[in-house]
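One structure is given below, encoded as structure tokens.
Residue numbers (my numbering), protein chains in the order written: chain A, 527 to 837; chain B, 974 to 1416; chain C, 17 to 311.
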């Protein structure tokens, strides 16, 4: 018990306390309920350790070396230094930041509204739900290219609409408008994902909780803020957390829609890890950066939004 | 049995047969059982909509005396993706393709890593002499020949003969200044929407275009036989790039050209919206196809000319594309692989590809073959141009160089950067890569 | 009373208008993609005007052949339906996505139950580790995974796509299920345990049925993820016989041109099974499984 409370929230046990930790784990095997818990997490742990751990650790290890076709030298943090002095890295960082903040904001707000709407019974509810999921279900491998076509100056439908409304530029030639276009495309595609996720959460809230609140005289708004939102919190947290992290690591959309003009953190990683030969190592450093920054974001989320520690 | 029963049984039969074959395919998908028969050679190339490749391979499989069977495995349509896939396989040591069809920029990237074989001994001097110089040049690196040319692709200037005539011109332009003046006048007199179209997006095609402007200004990026030096800051490369920029700033080329690739430029041209266009031979095939392939132009409205140069009287260079045969260094069947290659480069087979798939032959003699010139007009048109092809820089780190060049060329087109700034940046970046390459590969 | 009525009328109108706007925003790009698949390549590249916005110049010049039935259809569909690789690809997609989903649900729900309901020492580290593995950009671990699969002989088998898919889908699966499980009041399971059920029985007799909306949703989202996954399939499945449809679709192109019509048609055909799946399962995503049902 003592060893457990000295861990960092969400972190792994410090190595010094490893034997203590193992001791407490061993002692838990005596409790049938806790034993069952360990069996339940066993397959997952195996998958994480056997399949994910090695490639990730290997990539981290690679990031500390300069890898060239015939030589490998240990350079410690040199790759990171190079990355941090690359202006393209900062452009990728800014693009990704704005993309993440703006799309997640819209996806979450719209997603919540849609989930609330689809939660009510109305005629055609099932069909509405099935239609709602189509943008998310549409293959990403094609949707990026299609949206690029939509914005294309000669034949694009959205480019035509924009110029009909008075816009004079070439959407795809201007970094800012490409970014906005990417955000619109992502909001279109991903709002259903958030909506479906929150809808399931709404559906799990038992009806009598609302009943009780109504009997107590709560208005619709009060029902929403005092009953729905708190009970929906776990689902909201997952939706926000995963959407933010997905947006932070956006690759497909930027690569196929902006066609290399606009960089996101992940396309930056891709360019160095997959396209470049000479600067391959910087790509691994960038990948580790994405990894670490994602952990930081997740950490902030959990802290700020506060996950209830007890069931 | 009556007709209904027959249909029912035959329908069930067809369904049953397809279910059975699906089952075995799926089963091998789980077990990884090899479905390629022992001793078959695997040949990879991108999708071929004309269907010529499977036909030729089938012929080879039937005709060859040595019992060699070749299997055509379709590679990704996108050249960059195909390259990526191969490189992953090579780096892990797991490439299973025997004969690889590859882009002209691959030999210098694969060869020095010993991923593809040195074919200097098999592809002899004598054999090479029958091929166009540039097609051999692009397959050579560090004194070794890594590939055998399959078909070529060359940059051309398309122009509207009818619009030029209407405006009073009877010859295509020879210099960029001429082109810009002509385009402006023709646009004035005939209401054509665009003056000149080219591929300016940030991708490999954009690099080819930018290099054409540089080469035609009399400049070089890298001396042909010395991959350790970068010379882009000598000889007027910045003037070449300045032309690229002026074409947009003076309204001859649309602003959107900075986002256009082959598809967009072709589309605008065949709809009759432009006076001049720089593109590849495939567009002519589309024009020949008429309404069916979407062309509103007829062949007699279109002419082909060499790419204009900066200075009067300079030699014109064309960007070079094309595909070549490489042999996987790991293959155990190198001799058989080369036999297949020898079959594919025969004049008759090359003619077949030229007529049915519009693949420009790399054999010099075929450009004098009267029958071929008649059957495939594109060959006639390209006859002069294929002698003007100039390869892109050949270097093991070409992928990196391409990223840098694509970025800088695109910035110049968008006027985000001046030609001088771009050239300075390129000299420094490409220089770093060249030095690194010299060190790593001992050039 | 009057106020109430007025509010609900305004509310209802707003609701209706909202739903309609949402459907338009969702469907318009899809309508355009559908239009692209139905017209000739000529019309595809025409500049759209207000007049042509809602007209579809159907091009029925193609001949389609589906299960022996021959009929006229747009050329894009002819290209797609005639492509055996694409059809095989759909089956491959089905196999990969189904197995990934089943594995994720089975493995993930068990883990999620333990993580949501049981206090044990390893809980926080496991939760964090599970989440963290999905943070690493997939492109950066492609090469090490390739080497791993090559040495185990898994390349070119469905497993080389299923394993990474599971790896990247599992975190969301677990986190979603943990969230949905947590939304259920614990007293239901406690009641079951009082009646003599052990942890496992409480899990699959009480928790799973009550969180059916969550489980079904998670399954659907996982299936869609694996169905549309491209990167791993493209890198590890080198032979066309095992490639899923996502890898085949970009092949409707040549070096310089892209057959947008065929790609649009192929993508729409790929989406149809997913929509049918959602329509079928959405009946399970229904509220009303309240405490009263558990006795």
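Positions of the beta carbon are idealized from the N, C-alpha and C atoms, including for glycine.
For residue i and residue j, what's the separation of their Cα atoms in angstroms?
i, j, result
"residue 1120(B)", "residue 1092(B)", "7 Å"
"residue 1052(B)", "residue 725(A)", "43 Å"
"residue 723(A)", "residue 826(A)", "22 Å"
"residue 297(C)", "residue 1184(B)", "56 Å"
"residue 1385(B)", "residue 1180(B)", "12 Å"
"residue 1272(B)", "residue 1021(B)", "24 Å"
"residue 1314(B)", "residue 1071(B)", "11 Å"
"residue 601(A)", "residue 805(A)", "13 Å"
"residue 68(C)", "residue 50(C)", "15 Å"
"residue 622(A)", "residue 1370(B)", "28 Å"
"residue 1357(B)", "residue 1055(B)", "31 Å"
"residue 36(C)", "residue 1049(B)", "41 Å"
"residue 641(A)", "residue 720(A)", "8 Å"
"residue 784(A)", "residue 554(A)", "53 Å"
"residue 206(C)", "residue 629(A)", "41 Å"
"residue 248(C)", "residue 258(C)", "12 Å"
"residue 704(A)", "residue 697(A)", "6 Å"
"residue 122(C)", "residue 32(C)", "39 Å"
"residue 1011(B)", "residue 1333(B)", "34 Å"
"residue 1201(B)", "residue 1299(B)", "24 Å"
"residue 1058(B)", "residue 620(A)", "30 Å"
How close, in whole Å, do the beta carbons of residue i and residue j come, if the pair is a contact with beta carbons under 8 Å?
i, j, result
"residue 808(A)", "residue 796(A)", "With a Cβ gap of about 12 Å, residue 808(A) and residue 796(A) do not count as contacting."
"residue 224(C)", "residue 125(C)", "7 Å"
"residue 548(A)", "residue 240(C)", "In fact, because the Cβ distance is near 40 Å, the residues do not count as touching under 8 Å."
"residue 570(A)", "residue 190(C)", "7 Å"
"residue 1212(B)", "residue 1152(B)", "In fact, because the Cβ distance is near 15 Å, the residues do not count as touching under 8 Å."
"residue 107(C)", "residue 999(B)", "7 Å"
"residue 1135(B)", "residue 1274(B)", "5 Å"
"residue 645(A)", "residue 748(A)", "Contact doesn't hold; Cβ gap of about 17 Å is too wide."
If the criterion is Cβ atoms closer than 8 Å, does the pair residue i and residue j meet it?
i, j, result
"residue 562(A)", "residue 232(C)", "no"
"residue 1186(B)", "residue 1217(B)", "yes"
"residue 840(A)", "residue 54(C)", "This structure gives no information on residue 840(A), because the portion of chain A shown stretches from 527 to 837."
"residue 52(C)", "residue 280(C)", "yes"
"residue 1129(B)", "residue 1289(B)", "no"
"residue 1253(B)", "residue 1235(B)", "yes"
"residue 1025(B)", "residue 1249(B)", "no"
So if DSSP puts residue i in a beta bridge, which residue, or which two residues, is it bridged to?
i, result
"residue 1122(B)", "1297(B)"
"residue 599(A)", "592(A)"
"residue 332(C)", "Because chain C here runs from 17 to 311, residue 332(C) falls outside it and cannot be looked at."
"residue 31(C)", "Its beta-bridge partners do not exist; DSSP assigns none."
"residue 1018(B)", "1047(B)"
"residue 1117(B)", "1114(B)"
"residue 1170(B)", "1250(B)"
"residue 1333(B)", "1125(B)"
"residue 657(A)", "Answer is none; residue 657(A) lacks a bridge partner."
"residue 1076(B)", "1296(B)"
Using a Cβ cut-off of 9 Å, which residues of the region 657-670 of chain A contact any Cβ in chain C, in chain order? For the region 657-670 of chain A, which is checked against every Cβ of chain C, the residues closer than 9 Å are 657, 658, 659, 660, 661, 662, 663, 664, 665, 666, 667, 668, 669.
Along the region 245-257 of chain C, where does the CB come closer than 8 Å to a CB of chain B? Name the residues. Correct list: 250, 251, 254, 255, 256, 257.
Taking any Cβ of chain A, which residues in the region 1370-1383 of chain B have a Cβ under 8 Å from it, in chain order? 1370, 1372, 1373, 1376, 1379, 1383
Contacting positions in the region 778-812 of chain A - beta carbon closer than 7 Å to chain B: 785, 786, 787, 797, 800, 801, 802, 803, 804, 805
Using Cβ-Cβ distances below 8 Å, what residues of the region 988-1000 of chain B are close to chain A? none
Return the residues of the region 260-273 of chain C that lie within a Cβ-Cβ distance of less than 7 Å from chain B, sorted by chain order. 266, 267, 269, 270, 271, 272, 273
Against chain B: residues of the region 171-200 of chain C by CB proximity under 8 Å: 171, 172, 173, 174, 175
Residues of the region 1243-1270 of chain B with Cβ closer than 7 Å to any Cβ of chain C, in chain order: Against chain C - using a Cβ distance shorter than 7 Å - the residues of the region 1243-1270 of chain B are 1253, 1255, 1267.
For the region 1170-1195 of chain B, list every residue whose C-beta sits within 9 Å of some C-beta in chain A, in sequence order. 1174, 1175, 1176
Report the residues of the region 591-603 of chain A with a CB closer than 7 Å to any CB of chain B, ordered along the chain. 594, 595, 596, 597
Could you list the residues in the region 724-737 of chain A with a C-beta less than 8 Å from some C-beta on chain C, going in chain order? 725, 726, 727, 728, 729, 730, 731, 732, 733, 734
Along the region 34-60 of chain C, what residues have a CB closer than 7 Å to any CB found in chain B? 57, 58
Closer than 7 Å, Cβ to Cβ, to anything on chain B: give me those residues from the region 109-120 of chain C, in chain order. 111
Taking Cβ-Cβ distances below 8 Å as the criterion, which residues of the region 145-159 of chain C are in contact with chain B? 158, 159
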